[in-house]
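The structure under discussion appears below in the form of structure tokens.
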Amino acid sequence: MTNFKDSTSTDQLNSDPAEAESSSRELPPKIAALSPSEWLKANLFSSTFNSILTVISVAAILLILRGLLSFIFNPLRQWSATATNMRLLMTQAYPENQYVRIWVSLGFLLFLAGVSLAFWRAGRRVQIAQVGKQLLAIGAFILLTTLLAPFSNKATIIWLLIGVFIIGVGMFLKPADEQKTVSSLTLLSGAFLLAILSLWVIPYGHHSYISTRTPKILAEPGTVAMTTKLPWTIMLGVAISSYFLACIFRDKIDEAKSKAVLSAAWLISPLFLLFLVLRDPDFDTGHLFSTDIPIFVFFSVVGSVLLLWLTKPEIGEKGRIISTAILFIGFGTFAISMLMIVRILTLCLAFFALAAPTFSGQKPARIRYAKVWIATMVILCWLITAINTPSTAKVPGDFFIGGFAITLMIFFFTMVLAFPLGVLLALARTSKFPIFRIISTTFIEFIRGVPLITILIFFSVMVPLFLPEGMDLTEIAAVTIAFIIFEAAYLAENVRGGLQSVTRGQHEAAEAVGMTNAQKTFFIVLPQALRVAIPPMVGQIIATFKETGLLAIIGIFDFLYIARSVIPGQTEYMGSTRENLLFVSLVYLVICFSMSKASQRVEKRVGLGER
Amino acid sequence: MQSHAEEKSSTLKAVSQRVPLWRDVVVIKWVTQIGLLAVVVASLWFLAGQAGDNLRARNINTGFDFLERPPDIQLSEGIDTSPATGGRALWVGMVNTLRMAVVGIIFATVLGVVVGLARLSNNWLIKRLAGLWIETLRNVPLLVQMIFYFAVLTALPRVSLESGPINGWLHVSNKGISMPRIFISDGFYQWITVVAVGCLAAFFIRKQRIKKHDLTGENTHAVYWAFFTVCTFALIGLFIHPVFGFVGGIFSALATLFENIPTTLIKVLLSSILIFFAARWIRNFFASRRSATGHLSLIDDDIFRMIFVGAGALIAIIVVVAWTGISSWILNSGRDLFHMLEAKFEVDGAARPFDAMKPDIVKPGKFANYGTNGLTMGPGFAAVFFGVVFYTSAFVAEIIRGGILAVPKGQIEAANAVGLSRGQSLRHIVLPQAIRIILPPMGNQYLNLTKNTSLAIAVGYSDIVQVGQTVYNQTGKSLPVMAIWMLFYLTCSLTISVIVNFYNVRMKIVER
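First to last, the protein sequences are chains A and B.
The working numbering applies: residue 1 is where the first sequence begins, and numbers increase by one.
The working numbering applies: residue 612 is where the second sequence begins, and numbers increase by one.
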């Protein structure tokens, strides 16, 4: 039973025993290079059956490639539908004059990415000879494609020249010495640089679509390349320069601390970008200074003093009584009319107070706990204030952003909130308390037994019915909650697998040094369990990303919905569904493929998932 | 015995210095749990009440009466495209989902095994192609794939007599794919009875042959013998199957029997089964808690479990006894089943077990469409089918590959060393070991496939979700419809996991 349940979605990542085997530290013995004819004989024509297979599959490849190319380069294809509506696909109707906000957000994320890559010392060394070989293959593929594709004479010649050039570069690099290597990050940024350079040279995607039915301009005349070449160049500059800056500074500052700060930034900055930069809330300064800031100051000061006192090891019974009292006050605030922010913060304080004995100890530990409390207050107050403030971005529809951006947003919220919930569920399912176990198991098995789409429809249709009078939840929020619940059930199963792999001795050792149950769980069991559970959880994260497409079914203007229903609905671009869907597939394919490859590589490097 | 006495004295000491109630671990444990349970129940109660109020305020009633009323629905595909009642419409949806799941599982397994083996091939090109297949298909969301296949299919040329790749045999057009249909005809049930008798015979023959093999050591080809016995019976059955017409009489008698059983008997039967299982559970539980000396020690968890099981059994018995509907439903469905089977056997002697028909194209109005003769996959069905089969095949292929690679190389070398042929070593050495690794994740994939068929709603294939949505859009009964969805999928998931677990247990290595 356990075996059957634990293998959820690990298959995408863990299914490569052969590769894992070959990654042993020793250098493999050198195998003499085969000559081309020997290689062909060994790999393609080793037996009659193999030869027949080779011939058939070569014929099939050529036929399929030819069919695909004549589909893609058919003059009937409306690739301009995708190019013209690129802005719609990415952000739906986000106001164009505010578009710099999108670029700022992207730039900030790229800055974070550059710094993180430097601090985690990402990237591996690639042999230049290997790069040469890859270039040879790419050049050969371009030549083959050019010969099969229905190009005009001029285009054929240009593409043939490009192919020959790439092959030439490959030939030049191939005989390079084995010792000569180059960083994979350099290669990656080189490829991006080439792509962005091409934006400056070639005017991709002419778009000048003006709807005839409604006098509304969806995209101004111009090209995708024209409007995005400058921002993209800046983006690349930001990423590369942040990487090099971080490389300079990383040796001068405490690495562990800065890694913690970076992780926190990854968790928090999307929230700020979304609610402050993209949403552009229209703050009411008077209200801010009269209500929000005093509440914040009150809670941070009173809360941190209280927590400093509660984390004293000698506090004993009194602390529990006070924390329980705060909890009851927190629940009680819902009975009387009060600002929502006060209710939330009181409850938050109650939970921090209840957790205080777990984190009690010497002075530095207590001060750290108080600091965490203040940071939580800053983030919570800031966010609640921002969410409660009306947005200045006026767009049709009930949400200010759509397209790929909303796909990413819901994905982010799902992952950030489903993870703690999943850990809680897993702890409840493995706990010694039978009622906890029953509730958690029922919940997990119920959610895992029904398809995601039924849960999504249930939430998008039924949530208004379950809410009390005066409370309101937008459809996006309801659907995000559905996603969170669904993913939490699956993550819980992954975490449970990790929890079960922690040996009995670890529990006993923790008990022997006198840890409480909570301390044992948080400081001994969970860190080990989560480490083991990372590979299946990454698989689940990729699955979640793919599942965001389901938003289209319940009619949220996400990436897929716009590609499938909105663009083909424009009079100029009727029947362009296949082109748009190919684009969408390509985007998903690139993201999911690189996520799974990157995680495999990282796992192999740090030996994750092995014990 | 001495240690036992010591234990007892220490317990007495502990009792005399009892901790206060609010510090007692057992008390805290149960108060916390019951507190949480109370919170959960209270919030569910609150939400249910809220929903009731809101539904009443909007004048929506949540009865299941729509199941009996005629809906105004046309379904795109299924056993009944214009169902007479709402319940019938949902039933058609369920059948469509199950049909898709079963067909999808079969084809995904076959394709996945082929791709997985191709991934292990020593032909470089085949290996790379299989890798490309896997990486592409599993990294593009299934929904995107389905919608893409649907868009491609509906953009195909209009259906016409000349549209097929092989006219009259295979037609591919914007109305889907149509091919010849082989279907079971009137004589099928009598023929299958002959085959069943053949299977029985084959079972005994196989046993006999194996016995002979064990005694003499000569190769008796037991499996081939059994196979040919079944084939012979099936072949003879094609001619003599009408003799089994009398089976209908047996079913008729069974149906009469079911009509005459009183519901009280069924109630007593069900209750005694429940009591039997509860009693057996408690007996085994006591046995497991008893020490070697026969001393029984129960902790609070054990008592909770016993109360839980006992209360569950009691509630089940009360429900069975108080609700006559359950018993009469069992009786009625048994009677209906046997009446249906009885009717299947009432045919004249000339009926054939199978028949076949070529696809046809009809033109009722302005637009041509496929007729009912051929086996037709509408664009919706085809899109969902190709979607789930291709997508799942990529995962299945990885599972197969991982399973086979996980068999240690030494096993194959050892098999070669004792002189087994390649086929023999695969059949007797590699596969039995690989299967154990492959089965659990395969079961998971089958579950995923079944749940993934629900995405059919995006391409308009009439599965349970799509039909349900149409029904609640027309009747406003969203809550009951969703309850039916959840119940249906939970049943499917449970069934599949029970089957897979059954095989898992059977396949497990019996360790010493």
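Beta carbons: idealized from backbone N, C-alpha and C, even for Gly.
The structure displayed is predicted, hence computed values, not measured ones.
For B:L909, there is no enclosing alpha helix (DSSP H), since its DSSP letter is neither H nor E. Cβ-Cβ distances below 6 angstroms link A:V423 to V495 in the same chain, with the five nearest sequence neighbours on each side left out; the list follows chain order.
Judged by their CB atoms, B:W802 and B:M790 are not nearer to each other than the 8 angstroms cut-off. Of the residues assessed, B:T720 falls on the buried side of the cut-off, its CB having 16 or more other CB atoms within 10 angstroms. The C-beta distance from A:L199 to A:K229 rounds to 4 angstroms, short enough to fall under 8 angstroms. Ranking A:Y490, A:K259, A:T84 by CA distance to the CA of A:E572 puts A:T84 first. Assignment of B:A903 by DSSP, reduced to helix, strand and coil, places it in the coil class.
The contact set of B:Q801 on chain A, defined by CB atoms closer than 9 angstroms, is empty, because the minimum CB distance reaches about 40 angstroms. Assignment of B:R749 by DSSP, reduced to helix, strand and coil, places it in the helix class. Every alpha helix (DSSP H) of 4 residues or more that sits fully in the stretch 699 to 776 of chain B is shown, in chain order, as 735 to 750, 753 to 765. Taken in chain order, the members of the stretch 663 to 689 of chain B whose beta-carbon sits within less than 7 angstroms of a beta-carbon on chain A are N665, L666. Interface annotation for the stretch 743 to 775 of chain B against chain A: E746, T747, R749, N750, V751, P752, L754, V755, I758, F759, A762, V763, A766, criterion Cβ-Cβ distance under 7 angstroms. Annotation: the stretch 348 to 386 of chain A contains no complete segment of the alpha helix (DSSP H) (minimum length 4 residues). In this structure, B:L925 is the residue among B:H852, B:L925, B:L907, B:E773 with its C-alpha nearest to the C-alpha of B:L885. Take the alpha-carbon of A:I166 and the one of B:E773: they are about 47 angstroms apart. In the three-state DSSP reduction, B:V931 falls in the helix class (H, G or I). A:R564 has a beta carbon lying within less than 8 angstroms of a beta carbon in chain B. Taking C-beta separations shorter than 6 angstroms and ignoring five residues to either side along the sequence, the partners of A:L327 in its chain run A350, following chain order. Taking a C-beta distance under 8 angstroms as the contact criterion, B:M705 and B:F996 do not qualify as a contact pair. Taking C-beta atoms as the reference points, A:F593 and A:G403 fail to come closer than 8 angstroms.
Interface criterion met: the Cβ of B:I1068 is under 8 angstroms from a Cβ in chain A. The alpha-carbon of A:I591 is positioned some 13 angstroms away from that of A:E547. A contact is defined here as three or more CB-CB pairs under 8 angstroms, and the stretch 719 to 737 of chain B meets this definition with respect to the stretch 999 to 1010 of chain B.
The alpha-carbon of A:S440 is positioned some 11 angstroms away from that of A:E493. DSSP places A:Y94 in the coil class of the three-state scheme, outside both helix and strand. Spatial neighbours of A:I379 in its own chain (CB-CB distance under 7 angstroms, excluding positions within 5 residues in sequence) are listed in chain order as I268.
One finds F433, P434, I435, F436 in chain A with Cβ atoms closer than 8 angstroms to the Cβ of B:Q644, taken in chain order. Taking C-alpha positions only, B:V1076 is separated from B:A1067 by approximately 8 angstroms. Identification of residues in the stretch 495 to 518 of chain A having a C-beta nearer than 9 angstroms to some C-beta of chain B yields an empty set. The three-state reading of DSSP puts B:N980 in strand, counting E and B together.
Against chain B, the beta carbon of A:V164 has no neighbour under 7 angstroms; the closest one sits roughly 24 angstroms away. The Cβ atoms of A:S242 and A:G114 sit closer than 8 angstroms to each other. With a threshold of 8 angstroms between beta carbons, A:T521 makes no contact with chain B. With a cutoff of 8 angstroms on beta-carbon distance, A:L160 and A:T146 are scored as near each other.
Interface annotation, A:F557: not in contact with chain B, CB-CB separation never under 8 angstroms. The beta carbon of B:S1065 sits closer than 8 angstroms to those of T708, D1074, I1075, V1076, Y1100, all from its chain and outside the five residues before and after it, given in chain order.
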